[in-house]
Every structure is written in structure tokens, then in C-alpha cells.
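Working notes, structure below.
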Amino acid sequence: MGPDREEFLSNFEFVFSEFFEGPPAGAGGTVALDRDGSWRRTLERLTAAEASRPAFPGATTVVAHVVHATYYLTNSVRYIVPDGDKTTPGDWSGSWATSVVTESEWQARIAALFAAYEEIKATARGLADWSGDSTGLAFAVLAHSAYHLGAVRQLVKALQASQAG
Numbered sequence: 000m001g002p003d004r005e006e007f008l009s010n011f012e013f014v015f016s017e018f019f020e021g022p023p024a025g026a027g028g029t030v031a032l033d034r035d036g037s038w039r040r041t042l043e044r045l046t047a048a049e050a051s052r053p054a055f056p057g058a059t060t061v062v063a064h065v066v067h068a069t070y071y072l073t074n075s076v077r078y079i080v081p082d083g084d085k086t087t088p089g090d091w092s093g094s095w096a097t098s099v100v101t102e103s104e105w106q107a108r109i110a111a112l113f114a115a116y117e118e119i120k121a122t123a124r125g126l127a128d129w130s131g132d133s134t135g136l137a138f139a140v141l142a143h144s145a146y147h148l149g150a151v152r153q154l155v156k157a158l159q160a161s162q163a164g
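Residue numbers for the sequence shown follow numbering that gives the first Met the number 0, beginning at 0 and rising by one.
See below:
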């Protein structure tokens, strides 16, 4: 027997939404973030040029993290649903290939990340049974999203420091 579906889904969506959208309006605090630390608040403050610039020699760009995080979310859907295509291989290394974008491409990449986020939420809502691998994969989606959000936030701080002097 798996976890209570409604309770699990409510908690998953609450934390996942905080990572992407920030805390709900009127919330006195957050579960895991600074108030302005969500994907949305972090990315909306960056231009394509900033997001495409390595913060230090050898660093991946914010763009690369966004493209990779989008890939991970999109690819995860097929593993979360019981009848998802688990035979077609993903392209993990290819998900890191894009590191520089134009302003219009940057906006499209942000939109794609949020579309993947919405797809995960819709998939989660449609899943009747959270037993088996689905629960573990939901945790993996949360952990992976949090990891890359944290990496992006640190890259943004490094970019700001390099611009300051």
C-alpha cells in the first residue's frame, strides 16, 4: 500500500510549487527557500547575455542548467506514469549542450522550463496510485529541481560579484 494519495499530492505540489513559483501569497514563511529564491524570481531578473555568460572559468551557464532541468522534468514524466515510454533512451549529455542563447531563445527556454513544471504537476494529479517507483521519482524530481535551482542561484551570485569588480 502506498502513501495516502491526496496527502502525498498536496505536499508534493506545495513544495514543488514553492521551488518554481515561490511561497503562496500571504504566506508567513517558506518551506525551503528565501522568499525571492524561486525559479521564477531568479530567472526573471536575468538577461540572455547574463544567463549565457559563465560565472567563472569552467562554469556551466545558467542557460545550461535551465535547459538540463527542463530535460529532466520532461523526461521524468514518462517514468512517473506506469505506461510511459521507458525504452527510448534519454540524452543526458545532450541536455547540457546549449549554453548560449539570444533574448528570444532565453524567454523560450524559461517558458519551456515552466511548461515542463506544469506537465509534472498535471501528471502527478492524474496518477491514481503513488506506490512503487512513482513516489521515489517524485522525490527525485523535487531533489533535482532543488539542486539545479541552488546551482543557478549560486551562479547568479558569482555573476553579480564578477560584475561588481
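Glycine included, C-beta positions come from ideal geometry on N, C-alpha and C.
Boundaries (first-last residue) of the alpha helix (DSSP H) holding residue i
{"i": "VAL155", "result": "132-163"}
{"i": "GLY125", "result": "102-125"}
Buried versus exposed call for residue i [16 or more other C-beta atoms within 10 Å across all chains shown]
{"i": "GLY28", "result": "exposed"}
{"i": "ALA115", "result": "buried"}
{"i": "ARG34", "result": "exposed"}
{"i": "GLY21", "result": "buried"}
{"i": "ALA54", "result": "buried"}
{"i": "VAL151", "result": "buried"}
{"i": "GLY135", "result": "exposed"}
{"i": "TRP105", "result": "buried"}
{"i": "ALA137", "result": "buried"}
{"i": "PHE93", "result": "As written in the sequence, residue 93 is Gly, which differs from the Phe given in the question. GLY93 should be labelled exposed."}
{"i": "TYR146", "result": "exposed"}
{"i": "TRP38", "result": "buried"}
{"i": "GLU5", "result": "exposed"}
{"i": "GLY131", "result": "exposed"}
{"i": "TRP91", "result": "exposed"}
{"i": "SER161", "result": "exposed"}
{"i": "ARG44", "result": "exposed"}
{"i": "THR69", "result": "buried"}
8 Å contact criterion, which residue i and residue j should meet: CB distance rounded
{"i": "VAL14", "j": "ALA26", "result": "That belief does not hold up - the Cβ atoms of VAL14 and ALA26 are roughly 13 Å apart, past 8 Å."}
{"i": "GLU118", "j": "VAL76", "result": "6 Å"}
{"i": "ALA58", "j": "LEU141", "result": "Contact doesn't hold; Cβ gap of about 25 Å is too wide."}
{"i": "ARG52", "j": "LEU158", "result": "7 Å"}
{"i": "SER144", "j": "PHE18", "result": "5 Å"}
Cβ of residue i within 9 Å of any chain D Cβ
{"i": "VAL65", "result": "No chain D appears in the structure shown, which is made up of a single protein chain."}
query = Quick one: complete alpha helix (DSSP H) runs, 4+ long, within the segment 4-66?
reply = 4-20, 38-43 and 47-51
Touch check for the segment 96-112 and the segment 49-62: three-plus C-beta pairs under 8 Å?
yes
Margin query: Quick check: the segment 74-86 against the segment 115-131, are at least 3 beta-carbon pairs closer than 8 Å?
Written below: Yes, the segment 115-131 is in contact with the segment 74-86.
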